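If you count the sequence shown from 1, you need to add 527 to reach my numbering. Every residue gets a Cβ at the ideal spot worked out from N, C-alpha and C, and that includes glycine. In this text, all values refer to a predicted model and were calculated from it rather than measured experimentally. A short write-up of the structure that comes next.
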Amino acid sequence: MRGKIIENVTIMTKMMLQMVVKEGYRCIDATTGNGHDTKFLSDIVGPEGMVYGFDVQEQAIEMTKAQLEDRSNYKLICDGHQNMETYIDGPVDFVIFNLGYLPKADKTITTLKETTLEAIEASLRLLKTHGILWVVVYPGHDEGAEESEALDIYLKGLNQKDYSVMKSSFINQRNNPPYIMAIEKKC
Ligand SMILES: C[S@@+](CC[C@H](N)C(=O)[O-])C[C@H]1O[C@@H](n2cnc3c(N)ncnc32)[C@H](O)[C@@H]1O
528 MRGKIIENVT
538 IMTKMMLQMV
548 VKEGYRCIDA
558 TTGNGHDTKF
568 LSDIVGPEGM
578 VYGFDVQEQA
588 IEMTKAQLED
598 RSNYKLICDG
608 HQNMETYIDG
618 PVDFVIFNLG
628 YLPKADKTIT
638 TLKETTLEAI
648 EASLRLLKTH
658 GILWVVVYPG
668 HDEGAEESEA
678 LDIYLKGLNQ
688 KDYSVMKSSF
698 INQRNNPPYI
708 MAIEKKC
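Encoded structure:
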């Protein structure tokens with residue numbers, strides 16, 4: 528029997544990654560956490576592609592490394608995503624952010640609106656034309672609510688000639704469920 532499809536942001540993200548990301552792409556996972564998205568991206572881009580993964584927690588980098596094992600198509604960086612341009616030059620095809628804190632870990636180590644906005648701006652500079660930025664936003668905790676508000680203001684302000692910006696949310700779910708912001712760089 529067919530499984531659930533429009534169920535949550537994780538399923539939607541996987542579907543989109545399978546549709547959009549291709550072999551040989553250069554991608555950034557701006558918040559590796561447990562490494563699930565990094566591994567998924569590494570599987571898709573294959574040996575000719577590259578996935579750069581950022582996290583501020585050594586624990587997250589180690590968990591991600593354990594998932595990727597001896598592949599050669601990734602680089603993990605234990606630093607804030609706001610510094611991504613220090614490590615990556617040249618255009619990238621795809622950037623993903625899964626905001627918030629690592630589940631079952633220290634909830635005080637969470638993404639913050641100031642550094643998230645800096646990193647989003649850096650991502651838009653690094654993206655190539657028709658590159659995609661995918662941001663999963665968690666407004667259900669205090670920092671996340673502020674981050675969500677700041678992101679909304681910033682992304683609504685992007686010129687529509689230069690960027691397409693889409694917000695995708697589960698409008699019948701209770702308790703501020705996570706939602707997705709998807710941005711395509713048009714030129
Ligand atoms: C929701 S988790 C990511 C989950 C991950 N995508 C996965 O598949 O398991 C958010 C992560 O962002 C990290 N983080 C917080 N601030 C950051 C920053 N400035 N730069 C990079 N990572 C950050 C946290 O340490 C945490 O691991």
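**Other residues of its chain near W661: CB distance less than 6 Å, five sequence neighbours each side excluded** = The residue labelled residue 661 in the question sits at position 134 within the sequence shown. I623, A709.
**Prompt:** By how many angstroms is the C-alpha of G684 removed from the C-alpha of I588?
**Reply:** Numbered from 1 along the sequence shown, position 61 holds the residue referred to as residue 588. Numbered from 1 along the sequence shown, position 157 holds the residue referred to as residue 684. So the alpha carbons of these two residues sit roughly 33 Å apart.
**Asked** Which whole-angstrom value is the C-beta distance of Q687 and E645, which I expect to be below 8 Å?
**Response** Stepping through the sequence shown from its first residue, residue 687 is reached at position 160. Stepping through the sequence shown from its first residue, residue 645 is reached at position 118. Going by Cβ atoms, the distance from Q687 to E645 rounds to 23 Å, so no, they are not a contact pair.
**Request:** Would you mind giving the Cβ-Cβ distance between V578 and I659, rounded to the nearest angstrom? I have them listed as a contact below 8 Å.
**Result:** Mapped onto the sequence shown, residue 578 falls at position 51. Mapped onto the sequence shown, residue 659 falls at position 132. Actually they do not touch by this definition, with Cβ atoms about 14 Å apart.
**Request:** Please say whether S691 and E674 have beta carbons closer to each other than 8 Å?
**Result:** As a working note, residue 674 is residue 147 in the sequence shown. As a working note, residue 691 is residue 164 in the sequence shown. No, the Cβ-Cβ distance between E674 and S691 is not below 8 Å.
**Message:** Shorter than 7 Å, the distance from the beta carbon of F621 to the closest heavy atom of ligand 1, or not?
**Reply:** Reading the sequence shown from its first residue, position 94 is the one you call residue 621. It does not: the Cβ of F621 is nowhere closer than 7 Å to a heavy atom of ligand 1.
**Item:** Exposure of I533, with buried meaning 16 or more beta-carbon neighbours within 10 Å
**Value:** The residue you call residue 533 lines up with position 6 of the sequence shown. With fewer than 16 other Cβ atoms within 10 Å, it is exposed.
**Prompt:** What's the gap between the Cα of R701 and the Cα of L678?
**Reply:** Here residue 701 refers to the residue found at position 174 when the sequence shown is read from its first residue. Here residue 678 refers to the residue found at position 151 when the sequence shown is read from its first residue. Taking the straight line joining both Cα atoms gives about 21 Å.
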